[in-house]
Amino acid sequence: MQANPLPYKFIVLDGVEGCGKSTQVELLAQCLQQMGEEVVVTHEPGGTAVGEAIRSVLLDADREMSALTEAFLFCASRAQHMQEVIEPALAAGKIVVCDRFSSATAAYQGYAGGLGLELFKQLDDMATGARQPDMTIILDLEPAKGRNRKQPATQPDRIERKDDDFHRRVREGFLEYARQLGPRAAIVNADSSPQQIHQAVLEVLGIESQAGRVQHK
Ligand code: TMP
364 MQANPLPYKF
374 IVLDGVEGCG
384 KSTQVELLAQ
394 CLQQMGEEVV
404 VTHEPGGTAV
414 GEAIRSVLLD
424 ADREMSALTE
434 AFLFCASRAQ
444 HMQEVIEPAL
454 AAGKIVVCDR
464 FSSATAAYQG
474 YAGGLGLELF
484 KQLDDMATGA
494 RQPDMTIILD
504 LEPAKGRNRK
514 QPATQPDRIE
524 RKDDDFHRRV
534 REGFLEYARQ
544 LGPRAAIVNA
554 DSSPQQIHQA
564 VLEVLGIESQ
574 AGRVQHK
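Under the working numbering, think of the first position of the sequence shown as 364, with each following residue one higher.
Written as structure tokens, this is what we have:
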């Protein structure tokens, strides 16, 4: 029997620090490639030369800035990313798997940073041209558990080193934003092994993986 084509072309994985999204992005991309899809893996902030320059300003531990300034910079990186990478890839029929996107601005600046979800939405719509991912998967984890998973040798960046209360609000922000997105978002419990989380991600996308064969149900 012919498998159905994947209805999701633009997929985002997001969540609190240390939730394992980069591992899941890789596992998902491999799986989609096995299905014969052309996949573009990308990330925010960054994904373009301008975006990477903005990223280094944003994460520099020696620079303080307001949530509004942060939101402008994350959205500036996103505008370039949309134009240079995401839109062309989707137009060419490729699948885009993106590590963080609008959901992170909603959670970190809109919710935890106190900017508000309305102002977030105005800036984000300008950056994306109101083109939203087909599916945003939030890997949900207690921030304290995520922090313990991070490499102890790496210096925390400007956002990672914000206090526990901020990171708890980030988690609430992701859950609240996912509720607002309705059927375009899913919450996956990230308090399990990478393989179990991967299976849950495939389940959300309606992908069957059995005995080395992967296909959309
Ligand atoms: P990363 O660690 O996943 O590369 O993300 C970099 C940091 O940027 C991380 O602390 C989350 C934060 N971030 C925001 O605060 N707002 C955003 O819109 C994005 C994309 C990331």
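For every residue, glycine included, the Cβ atom is placed at its ideal position computed from N, Cα and C. Since this is a predicted model, take the numbers as computed values, not measurements.
In this structure Glu415 is exposed. Its beta-carbon is surrounded by fewer than 16 other beta-carbon atoms within 10 angstroms. Check the Cα spacing between Ala434 and each of Asp488, Pro557, Val379: the tightest is with Asp488. For Phe537, the distance from the CB to the nearest heavy atom of the ligand TMP is not below 8 Å. When the Cα atoms are used, Ala475 and Ser385 turn out to be separated by approximately 22 Å. In terms of side-chain proximity, the C-beta atom of Glu415 is found no nearer than 8 Å to any non-hydrogen atom of the ligand TMP. Nearest to Val564 by alpha-carbon distance, out of Lys372, Val388, Gly381, is Val388. The beta carbon of Phe529 sits no closer than 8 Å to any heavy atom of the ligand TMP.
In its chain, beyond the 5 residues on either side, Gly473 have a beta carbon closer than 8 Å to the beta carbon of Gly479. The stretch 394-410 makes contact with the stretch 439-447, as at least three CB pairs between them are under 8 Å.
For Val460, the uninterrupted beta strand (DSSP E) run begins and ends at 458-462, by DSSP.
Put simply, of Ser556, Pro557, Phe537 the residue whose alpha carbon is nearest the alpha carbon of Ala548 is Phe537. Listed in chain order, the non-local C-beta contacts of Ser466 below 6 Å within the same chain comprise Asp377, Thr499, Tyr540, local neighbours out to five positions each way being set aside. Gln485 has its Cβ no nearer than 8 Å to any heavy atom of the ligand TMP. Collapsing the DSSP output to three states places Arg418 in a helix. Judged by their CB atoms, Phe373 and Gln495 are nearer to each other than the 9 Å cut-off. The shortest C-alpha to C-alpha distance from Gly509 to any of Arg463, Gly381, Ser419, Pro368 is the one to Gly381. Put simply, of Arg418, Val448, Cys461 the residue whose alpha carbon is nearest the alpha carbon of Tyr371 is Cys461.
The three-state reading of DSSP puts Gly378 in strand, counting E and B together.
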